[in-house]
Amino acid sequence: MRSLKSSGFQKYFKRLPLEIQEKARKAFKLWLENPFHPSLRFKCIDREENVWSIRIDRNYRALAYKEGDLFLWFWIGPHKEYERKL
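Take the sequence shown: its position 28, counting from 1, is numbered 28 in the UniProt record's numbering, and each next residue is one higher.
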């Protein structure tokens with residue numbers, strides 16, 4: 001699988017607390033090694049739009065569009081905002 005982060009994703013990422021940024025880096029590294037590692041809870045949350053989610057930690061998630069073997073990460077943020085996007 002391939003992975004790209006959109007410019008919008010980068011803006012959301014820069015707004016995160018430094019501790020969460022570091023957790024996100026670790027989560028993405030793990031995702032590249034093993035996307036279905038249980039701690040990531042990697043799953044499709046919208047089959048029609050082909051949107052996928054990973055867990056950064058208990059309170060943060062990241063979202064991507066899947067196009068073929070490419071995942072385009074477009075959002076990262078708190079679980080509260082994640083729930084609004086569903």
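Cβ atoms here follow ideal geometry from the backbone N, Cα and C, with glycine treated the same way.
Quick caveat: nothing in here was measured; it's all calculated off a predicted structure.
Check, Outcome
"Can you check DSSP and say which residues form a bridge with Y65?", "V51, L72"
"Taking C-alpha atoms, which residue in I56, I76, N50 lies nearest to L70?", "N50"
"Please state the DSSP three-state secondary structure of S7.", "helix"
"So, helix, strand or coil for R2, using DSSP?", "strand"
"Whose CA, out of R61, P38, R84, K26, lies closest to the CA of F9?", "R61"
"Is L63 buried or exposed, if buried means 16 or more other CB atoms sit within 10 Å of its CB?", "buried"
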